[in-house]
Structures are given as C-alpha cells and as structure tokens.
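Data first, discussion second: the structure below is written as structure tokens.
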Amino acid sequence: MNNIINIFYERGFIENTTHDKELNRYLENENVACYIGFDPTASSLHVGSLVPLMSLAYMQKHGYRPIALIGGGTGLVGDPSGKTETRQLLNSEIIEENIYGIKKQISRFIDFSEGKAILLNNADWLSQLEYIPFLRDIGRHFSVNRMIKAESYKMRLEAEEGLNFIEFNYMLLQSYDFLKLFDKYGCRLQLGGSDQWGNIVAGIDLVRRMRHETAFGIISPLITTSSGEKMGKTAKGAVWLDPKRTTPYEYYQYWINTDDQDVVRFLALFTFLPMVEIKKIEKLSGADLNSVKTVLAFEATLIVHDEKEALKAHFEAQSMFSYRVVPKEILPSSSVPRSDISANITCVLPSMKVEAEATVGSMPSSYIDEGQLKAGIPAFKLFHTAGLSGSSSAARRLIEQGGAYLNGKRIKSFDFLITDSDVDNMEILLRAGKKHFHKLKVKNNN
RNA sequence: GGUGGGGUUCCCGAGUGGUCAAAGGGAACAGACUGUAAAUCUGUCGGCGAAGCCUUCGGAGGUUCAAAUCCUCCCCCCACCA
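This note's numbering applies: residue 1 is where the first sequence begins, and numbers increase by one.
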C-alpha cells in the first residue's frame, strides 16, 4: 500500500479528505487529474503556497496529471476564506502581471512539457459569464442558509468588518471552476489548504447536483511554526519565491533559522528527500540539528531557485557564519556539498565569484564610491544607507549597544569614521547583530 | 436616512487642557547565554551629527500662553433602527 495517499499522510500533507475509500479507489485509475487553484494576489507566490505546490509536484511524480489553475477571474473577486479583512480589489492589469510572475514559479515545481500538466486561467471562462444564466444554472444549487454556516465565512460574519457581497460569491465561482474542470478534463480531485474546505466541498456538491458524479477533495493543514505563527511570515513581511523580492540568500537563511522542533516536519513537506532518510535523523537533537537545517535550507533553495543559487547561498552562509561539514550519513540523497569544506571553497568558489558579479549577488550588497571613502563616512551613516538600520538614529543606537560590526570587528563609537583603510579586497563587510550582513563593493569612478 | 459608539505611534490598547514623544502589553531590534534554534535576563524601540530642536494621536480649520485632550466642519469604521 504505497499509494499517494499514504505518502501524503506520511509526509504531513493531509489534514482531511472527502470519502476516503472511494478516493483511494479512484486514485488507482489511470490518467487521474487533480487541480489546485492559485490566486494572483501578488506577482509572486510565497512560502505559504509551498504546501500546495509540493503536493501537486508529488502528484505528478506519482503519475497523476496536475492542473494548476490560476485565478485570473476569481482574483478579481477576492477570497474571503479565513481572512479577517476584505482584500483590496485588484484591477485586471495588475492581475495580468501577477499571473505572469506566478506561472514561472509554478513551473519550478511542475513539468508542463508534453502535456504532462496543464496550466489554466479561470478568467477564460469566468469573465464570459452572464449574470442571470449563472444565477439560474449555478446559483440555485447554493443554499444561503448553508453558506453562512461555512467556517470560511464565519470569521468574517462575526468580525467587525463584515462580509461583502462580492466576496460572498467567491464560493460559487470556485465551485464553478471545479465543474468546468470536471467537464473539460475529467478532473475529479481538488487539493487545497484547510481554509479551502468550504469552497472545495461546495464544488464537490455542485458536481454531484449537476452531473450526478462524485468528486473528491484533499485538504492540507495550515502549516504553522512551532511558535504558532503562519509559515513564511517574518517581521519584514512574507518570504517570497521571487528572487527579486527575497534573494536566494535570504531564502536560504529563512530555512536555516527553522525552529528545532519544526525541522523534521519541514523536511517531509518541503523537500523531495526520501522519508526513510528523514526518519533516521528524527532522533537528532541539539546542535546536531544544524547540519540537518543546512540540508533543509539547501534543498528548499534548490527547489525554488536552482542549483547555482543554492550553492551560492550555501557557501556565502558558510563563509559568513561557520564552516560546517554535513556528515555523509545525514540525508545522503541530498546533493548538499559535504566533502571537506576548505577543498570545496577553493575549487567551487573562484569560478562562481565571476558569475556572482554578473548575476545579482545573493547577499545584500551595494556599491560605494571610492572618493567618498577617502573622505571617510561616519559609521552610523553608512549603516543607515546600507539599509542595515531604518534611520540614522536607529543606526546610532545599534552601534551604541554594540551590535554593529565592520569586517567582523565591533564598532566602538557611532561616529567612527570608515575610510578606504577599511577596504579589504575591494569590499567592506558590514554586520548588524548576528545575522544581518551587507557587502559594500568599492567602485572607482574615475 | 436616524440614533448611539468609535478612529492614538508596527499591532492591541490607556490617556479627556500643561508633569505627553504619549502608560501597559505584544511584535521587532541589540547585548549576555548559545548552536545562525528555543527559553531566559538586560537594554532599545518617531526623526535629526549630544544638550536641544523638529514632526506625530482620522483630515481641515479655530479657541488658548499651552491641545491627543475643548469648539466647528468634513472623511472613515462599527452597532442598532429604517
């Protein structure tokens, strides 16, 4: 019994399914399609979308045919499920842009070549809809009495803000999507986060009422960190998949900083490493987990970006923090560099340094004018302009509290003058606190 | 449309003429301890090259030596009624 459902359970992708037995039987068929919707609310997906993306990727690996549905139509309406506030309505130009960005990211997870998967936009059918026919054909299958009891609306019905009529319709549109995909592609399975339960069940009902056929749903849990927060929300905002919004280096760092208690769970959800290997490291604890976190960070970066970026982020982190050899017996399937580090540094880094110049550097960096440096720049000013602190007052406080470092050495006073004598190999390395680095590259403007 | 209650710094939330850059909590940031983890303790937490100054309490005006606080108008949110 090594079917996809078991794998999903084992890796933590399932919180709930509709009609277990029938679903199991259905999944034994050939050519089963399944779909997940992604709303284009931003030009990039973020870490919160990883669970659906990974589950779709796993479906494909196991021979199913994924349909990624981008909500170009539903995005114009805005899903209120589980949200405490009304979404800002987006206009169609923005949504078009967002769709463009999201498509690229989904392609990192799903292979769309040769019809192995389908990418659709529900605007293709939703924007054609006519109101009265829609109400008569679809609307009459929905009971308002039932809808207002749905968990997904509950929060909003109880909240101060209330629920707007346009949002109330979201459920009908998503249900209609399911019906459309059933008709056109024979798709009977929809996956989604737990906040989608109401919408998915409504779609299943609609298929049953209108086509007298069974459709299924698999709900994945909302992943929270052990401290109870939603995945991917940091103080600086969401952790994005777009390298322009969250650099691969920051992305890698996000995973490295995973809480001890989350590491095993996250490996199962967010990497393709075999469960047998993950089970073996379950009993590791304490500092030993750091190697595991290194693997997690490397693999996660590898999936979303690519090997080159993952390596770059990896070696950059190693040189900034400490060199740590990932033992061979830990998660052996991972391609994380694990031989003698110093050998790796010398043989991999030089060739990559050249590329790093050409592409966007993964660590936050900026250029500084040589002439400016000759005159000397007060440390607090430099920290501010480098973006390591929000204002020069904040920079001053940072330095006064001993949290500012220049090339690894603590800066003693806020007005310490940084000059060209601090340049090392055409670079100056600034650090705020333990983890925030910024590289200043010296530029000769003559 | 009517009546009542509200809009305070990143969030929650006190403050009803000076002692208010505004209590308290949370978040965040730094330090110590560590393992780039968690917990804990300490400090910081509007801006400005110290003292001092400047800008903030939905918006615009006004009263006053002095306004988050009082007055006028406007905008927005909520509840109940219609």
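Cβ coordinates follow ideal geometry from the N, Cα and C atoms, glycine included.
Which of helix, strand or coil DSSP assigns to residue i
| i | result |
| --- | --- |
| residue 447 | Only positions 1 to 446 of the chain appear in the structure, and residue 447 is not among them; the question remains open. |
| residue 328 | coil |
| residue 427 | strand |
| residue 36 | strand |
| residue 16 | strand |
| residue 121 | strand |
| residue 360 | Any answer about residue 360 is weak, because its pLDDT of 42 lies below 50 and its placement is not dependable; what the coordinates show is given next. The answer is coil: DSSP assigns residue 360 none of H, G, I, E or B. |
| residue 322 | coil |
| residue 437 | strand |
| residue 223 | coil |
| residue 110 | coil |
| residue 447 | Lying outside 1 to 446, the shown extent of the chain, residue 447 is not represented and no answer is given. |
| residue 432 | strand |
| residue 133 | helix |
Where the beta strand (DSSP E) containing residue i begins and where it ends
| i | result |
| --- | --- |
| residue 451 | Summary: the structure shown does not reach residue 451, with the chain confined to residues 1 through 446, and so no result is reported for it. |
| residue 215 | Run containing residue 215: none; DSSP gives neither H nor E here. |
| residue 190 | 189-193 |
| residue 404 | 404-406 |
Boundaries of the alpha helix (DSSP H) in which residue i is found, first to last residue
| i | result |
| --- | --- |
| residue 295 | 289-304 |
| residue 263 | 263-270 |
| residue 245 | Residue 245 -> no alpha helix (DSSP H), and no H or E assigned at all. |
| residue 394 | 392-400 |
| residue 209 | 197-211 |
| residue 65 | Run containing residue 65: none in the alpha helix (DSSP H); it sits in the beta strand (DSSP E), 65-70. |
| residue 45 | Counting along the chain, residue 45 falls outside any alpha helix (DSSP H), and DSSP gives it neither H nor E. |
| residue 10 | 4-11 |
| residue 83 | That residue, residue 83, is in no alpha helix (DSSP H); it is neither H nor E in DSSP. |
Cβ neighbours of residue i in the same chain (closer than 6 Å, five flanking residues each side left out)
| i | result |
| --- | --- |
| residue 370 | 442, 444 |
| residue 438 | 364, 386, 388, 430 |
| residue 199 | 171, 174 |
| residue 129 | none |
| residue 300 | 255, 270 |
| residue 99 | 40, 70, 72 |
| residue 125 | 180 |
Cβ shell of residue i (< 7 Å), same chain only, five flanking positions each side left out
| i | result |
| --- | --- |
| residue 224 | 230, 231 |
| residue 297 | 252, 255, 256 |
| residue 245 | 44 |
| residue 79 | 39, 170 |
| residue 436 | 388 |
| residue 284 | 292 |
| residue 187 | 33, 34, 35, 67, 181 |
| residue 359 | Note on residue 359: pLDDT 39, under 50, position unreliable in the model; no value is reported. |
Straight-line gap, residue i to residue j (C-alpha atoms, nearest Å)
| i | j | result |
| --- | --- | --- |
| residue 272 | residue 302 | 11 Å |
| residue 380 | residue 94 | 39 Å |
| residue 450 | residue 205 | Residue 450 lies beyond the range of the chain shown here (1 to 446); nothing can be said about it. |
| residue 90 | residue 281 | 45 Å |
| residue 432 | residue 293 | 23 Å |
| residue 25 | residue 203 | 20 Å |
| residue 23 | residue 137 | 28 Å |
| residue 419 | residue 291 | 38 Å |
| residue 41 | residue 434 | 34 Å |
| residue 375 | residue 421 | 11 Å |
| residue 311 | residue 322 | 15 Å |
| residue 398 | residue 390 | 11 Å |
| residue 228 | residue 47 | 16 Å |
| residue 328 | residue 372 | 48 Å |
| residue 74 | residue 21 | 31 Å |
| residue 105 | residue 330 | 29 Å |
| residue 97 | residue 103 | 10 Å |
| residue 382 | residue 425 | 19 Å |
| residue 408 | residue 241 | 30 Å |
| residue 309 | residue 250 | 11 Å |
| residue 135 | residue 278 | 50 Å |
| residue 194 | residue 81 | 10 Å |
| residue 337 | residue 56 | 28 Å |
| residue 63 | residue 238 | 32 Å |
Supposed close pair residue i, residue j - CB separation, criterion 8 Å
| i | j | result |
| --- | --- | --- |
| residue 364 | residue 305 | That pair is no contact at about 16 Å. |
| residue 417 | residue 377 | 7 Å |
| residue 179 | residue 210 | 6 Å |
| residue 222 | residue 260 | Contact doesn't hold; Cβ gap of about 21 Å is too wide. |
Nonlocal neighbours in the same chain, by C-beta distance under 8 Å from residue i, ignoring five residues either side
| i | result |
| --- | --- |
| residue 197 | 16, 151, 152, 217, 219 |
| residue 482 | What is shown of the chain runs 1 to 446, which leaves residue 482 out entirely. |
| residue 60 | 66, 110, 111, 116, 117 |
| residue 427 | 439, 440, 441, 442 |
| residue 11 | 58, 268, 269, 275 |
| residue 19 | 214, 216 |
| residue 77 | 166, 167, 169, 170, 173 |
| residue 414 | 378, 379, 380, 395, 396, 399, 400 |
| residue 262 | 225, 226 |
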